[in-house]
Each structure stands twice: as C-alpha cells, then as structure tokens.
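With the sequence shown counted from 1, adding 32 to any position gets you our numbering.
A short write-up of the structure that comes next.
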Amino acid sequence: MAGNLSNPTFTFNLKIAQFDIHPKAMYPVFLAGVLIYVFSVLCNGAILGLIITQRSLHKPMFYILFSLPLTDLIAITSALPRVLVDILTETNDVYYPTCVLQAFLLHLYGGSIPFLLAAMSVDRYIAICNPLRYNSIMTPCKICGIIVLAWGVDFALVLVLFSLHSRMEKCKSFISNVYCDNPSLLLLSCERDFTVNNIYGLFITAFIQLSSISVQLFSYTHILITCIKHTHADSKVKALNTCIAQIATFFLFEIVTTVAILSYRIPSISSSAQRICGLMIYTVLPTVNPVIYGMKTKDIRIAFFMVWKRHKVSPVLLN
C-alpha cells in the first residue's frame with residue numbers, strides 16, 4: 033500500500049468537509065449532538081449490561097441480540113464524536129489511517145444490521161414453528177455459528193471492498209463528506225475509472241439486502257402461517273410480539289438508508305442536507321434501536337424493572 037501512497041501531492045493529513053452551520057447555532061447543535069450520543073450510549077449500554085448480568089436473558093435470542101447494541105455503539109462512536117469536535121473547534125483535519133478505520137467500521141455496521149436481523153428472524157422461526165425442538169436445534173454451538181457467520185460474512189465483504197482501494201494511487205487530500213466512507217475515500221484517487229469498485233459495491237449491497245430480506249421474509253411468513261393455523265388468540269399475540277422489535281428495527285433501517293441514498297441522487301438537495309441524511313444512519317438507528325427493544329421485548333422490560341426495584345429497595349434495607 034505504501035507504494036500507492038507515494039505521490040508527492042498526497043499527504044496523510046487530510047482535510048474533511050464541514051457542515052454549514054450559523055455561528056449562533058453552533059453550540060445548540062453541539063449540545064444536541066452530545067445529548068443524542070450520551071442517550072444512545074446509556075440505552076445500548078443498559079441493554080448490554082442486562083443481557084450480561086441477568087440470568088433470565090441468558091437465552092439464544094438474547095445472545096444474538098447482544099450484537100445489535102454492540103454494533104450500534106460502534107457506529108455512533110465512530111461517526112458522531114468526530115463530527116461534533118469539528119463543529120465545536122471549526123477544524124477540518126483528519127488523519128488518513130483513522131479516516132480509513134472510521135469508514136471501515138461504519139460500513140461494517142451497515143452490513144451487520146441486516147445479517148443480524150436475519151439471524152434473529154431464524155431464531156424466532158424455530159422458537160415459534162418448532163417449539164418442542166427449539167433447545168435441541170439452538171444449541172450453544174449453533175448459536176455461536178450463526179453469530180460468527182453473520183459477522184464473518186460481513187467482515188469479509190467489507191474487507192474486500194477496502195482492499196480494492198490499495199490498488200489505486202492517491203493524489204488528493206480532501207474528504208468530500210463530514211465523515212469518512214468508501215465513496216469519499218475513492219475520490220482521493222488519481223484515477224477516474226472506478227468501475228471495479230462500483231460494481232463490487234453494488235454487488236455487496238444487493239447481496240446483503242437480498243439475502244437478509246429473503247431469510248426474514250421466509251421466517252416471518254412461516255411464523256404468521258403457524259400463528260394463524262395452530263395457536264390460540266393469546267398465544268398468537270405473544271408469539272407475534274416477540275417479532276415486533278426485529279421487524280420495526282428492519283423497517284427503520286430500510287427507511288433511513290433509503291432516504292440517505294435517495295438524497296445523494298437528487299441534485300436539488302443541498303450538500304448539507306445530504307450529509308445530514310447520511311449521518312442519520314449512524315445516529316438515528318443507534319439511538320432508536322435500544323428504545324424499540326426496551327419497549328417491545330417483554331423479557332428486557334422485566335429484567336430492567338427487576339434491577340431497578342432491587343437498587344431502589346436496597347438502600348432502604350441498609351438503613
């Protein structure tokens with residue numbers, strides 16, 4: 033890779049685009065961003081803590097779910113603090129290796145969500161459609177295999193995507209987005225022909241979407257059929273409620289990413305609006321996802337209130 037970075041006009045100290053924010057709005061925007069970040073970290077951290085510490089959540093479904101708040105934390109930490117610091121300090125300097133790392137983590141996040149939601153839909157399919165065989169099918173070994181497969185395929189796809197950058201000589205020093213991503217890194221290249229990179233980018237996007245949607249469509253269709261045919265009314269509601277959080281997260285992901293993609297395809301939308309739409313993927317999702325799971329997953333709600341009740345009662349007992 034060093035040979036491809038030898039052009040004298042390229043430097044590891046890059047410049048990055050900034051939001052066009054009025055000076056009077058700078059501090060309110062910064063404060064809002066900090067509050068969003070803190071809220072997301074607390075909510076995702078709470079779910080991670082509950083899954084780790086509460087025995088009632090030591091189940092296959094929550095072992096897979098554990099990856100969602102973890103990857104949400106990775107995404108919002110990779111994207112938001114850097115942008116907030118640039119807004120407050122009005123600097124736009126970024127170091128090339130950290131820029132590549134940020135872009136890699138953000139793309140890893142974008143691919144992990146569909147794969148993890150597909151894995152969770154398979155778990156719900158087995159639990160509802162084959163309840164008597166659930167424990168024999170979802171063994172610890174198979175659970176680990178599902179999680180490793182979801183992360184492994186995503187990691188391999190993104191690694192190849194970024195490996196394609198190494199064949200290109202760099203001669204520019206401006207990142208055209210407010211955060212680092214694959215398209216902005218490509219624009220650092222001296223070359224104009226990005227055909228291979230674009231084709232591969234489209235391929236992995238189509239592969240991730242089609243494979244994830246196919247698995248979820250299969251799972252939830254069979255779950256719906258099973259609920260209609262074989263369960264009583266109360267059981268139907270209970271079974272479907274276990275799927276609501278996953279389905280809501282999936283639709284939220286699809287809506288936010290679609291809005292972000294379309295914003296870059298419409299010339300009339302300002303560059304600042306496009307950047308905000310792109311940043312929504314790494315801020316809105318990590319902020320809303322833990323709220324969805326906290327509100328719609330009964331076991332998490334029960335575990336939370338048990339912990340809250342224990343900490344509320346303990347000081348009284350000590351006195």
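C-beta: ideal position from N, C-alpha, C; glycine also.
### Message
Taking the straight line between their C-alpha atoms, what separation do you get for T103 and P299?
### Response
In the sequence shown, the residue the question calls residue 103 occupies position 71. In the sequence shown, the residue the question calls residue 299 occupies position 267. Straight-line Cα distance between these residues: approximately 32 Å.
### Message
Tell me the DSSP secondary structure of Y296 in three-state form.
### Response
Your numbering for residue 296 matches position 264 in the sequence shown. Y296 falls in the coil class under three-state DSSP.
### Query
Just curious, the alpha helix (DSSP H) that N124 is in, first and last residue?
By one-based count along the sequence shown, residue 124 stands at place 92. First-last for N124: undefined, no H or E at that position.
### Query
Is the distance from the Cβ of V61 to the Cβ of F71 below 9 Å?
Locating residue 61 in the sequence shown gives position 29, counting from the first residue. Locating residue 71 in the sequence shown gives position 39, counting from the first residue. For V61 and F71, no; Cβs fall outside 9 Å.
### Query
Can you give the Cα-Cα distance for L100 and L63, rounded to whole angstroms?
Working through the sequence shown from its first residue, we reach residue 100 at position 68. Working through the sequence shown from its first residue, we reach residue 63 at position 31. Spanning the two alpha carbons is a distance of roughly 26 Å.
### Query
Is the region 130-141 close to the region 196-216, with three or more CB pairs under 8 Å?
yes
### Task
Could you tell me the distance, in whole angstroms, from the CA atom of I231 to the CA atom of F336?
Taking the sequence shown and counting its residues from 1, the one referred to as residue 231 is at position 199. Taking the sequence shown and counting its residues from 1, the one referred to as residue 336 is at position 304. The alpha-carbon atoms of I231 and F336 are separated by roughly 46 Å.
### Query
Around the Cβ of M200, are there at least 16 other Cβ atoms within 10 angstroms (buried) or fewer (exposed)?
Along the sequence shown, read from residue 1 onward, the residue named residue 200 stands at position 168. Its Cβ being crowded by 16 or more others within 10 Å, M200 is buried.
### Task
Check whether the Cβ atoms of S205 and N76 lie closer than 9 Å to each other.
On the sequence shown, position 173 is the one that residue 205 refers to. On the sequence shown, position 44 is the one that residue 76 refers to. Contact: no.
### Message
Looking at A111: is its Cβ nearer than 9 Å to the Cβ of L311?
### Response
For this step, residue 111 is matched to residue 79 along the sequence shown. For this step, residue 311 is matched to residue 279 along the sequence shown. Yes, they are a contact pair.
### Message
Helix, strand or coil for L219? Go by DSSP, reduced to three states.
### Response
Here residue 219 corresponds to residue number 187 of the sequence shown, with the count starting at 1. If DSSP states are grouped into helix, strand and coil, L219 belongs with coil.
### Task
Give me the Cβ distance between I79 and Y252, rounded to the nearest whole Å; I'm assuming they're in contact under 8 Å.
Indexing the sequence shown from 1 puts residue 79 at position 47. Indexing the sequence shown from 1 puts residue 252 at position 220. Not confirmed; about 23 Å, so no contact.
### Query
Taking C-beta to C-beta, are A182 and A151 nearer than 9 Å?
Position 150 of the sequence shown, counted from the start, is the residue given in the question as residue 182. Position 119 of the sequence shown, counted from the start, is the residue given in the question as residue 151. It is a contact, given that the beta carbons lie within the stated cut-off.
### Message
Less than 9 Å between the beta carbons of K328 and I276, yes or no?
### Response
Start at 1 with the first residue of the sequence shown, and residue 328 comes out as number 296. Start at 1 with the first residue of the sequence shown, and residue 276 comes out as number 244. It is a contact, given that the beta carbons lie within the stated cut-off.
### Query
Going by alpha carbons, who is nearest to F250 out of G65, P318, I175, C161?
Taking the first residue of the sequence shown as 1, we reach residue 250 at position 218. Measuring from the Cα of F250, the nearest candidate turns out to be C161.
### Query
Counting along the chain, where does the beta strand (DSSP E) carrying I48 start and finish?
Here residue 48 refers to the residue found at position 16 when the sequence shown is read from its first residue. That run of the beta strand (DSSP E) goes 45-48.
### 9 Å Cβ cutoff met for F194 and H139
By one-based count along the sequence shown, residue 194 stands at place 162. By one-based count along the sequence shown, residue 139 stands at place 107. The answer is yes: Cβ separation under 9 Å.
#### Entry: Limits of the unbroken alpha helix (DSSP H) element including F94
Numbered from its first residue, the sequence shown carries residue 94 at position 62. Start and end: 92-97.
### Per DSSP, the bridge partner or partners of K202
Within the sequence shown, numbered from 1, the residue matching residue 202 stands at position 170. Its beta-bridge partners are S221.
### Task
Classify I324 as helix, strand or coil using the three-state DSSP reduction.
Numbered from 1 along the sequence shown, position 292 holds the residue referred to as residue 324. I324 falls in the helix class under three-state DSSP.
### Pair within 9 Å by beta-carbon distance, I178 and I96
On the sequence shown, residue 178 is found 146 positions in, with the first residue counted as 1. On the sequence shown, residue 96 is found 64 positions in, with the first residue counted as 1. Yes; because the gap between Cβ atoms is below 9 Å, this pair is in contact.
### Query
Got a sec? Which residues, its chain only, sit under 7 Å from Y127 by beta carbon, not counting five neighbours each side?
Indexing the sequence shown from 1 puts residue 127 at position 95. Around Y127: F44, N45.
### Selected residue, minimal CA-CA separation from V185, among S198, I240, V228
By 1-based counting over the sequence shown, the position of residue 185 is 153. Looking at the Cα atoms, I240 is the closest of the given residues.
### Query
According to DSSP, is I308 helix, strand or coil?
Against the sequence shown, residue 308 aligns to sequence position 276. Of the three classes helix, strand and coil, the one that applies to I308 here is helix, per DSSP.
### Query
In angstroms, rounded to a whole number, what distance separates the CA positions of S168 and C203?
Numbered from its first residue, the sequence shown carries residue 168 at position 136. Numbered from its first residue, the sequence shown carries residue 203 at position 171. C-alpha separation (whole angstroms): 57 Å.
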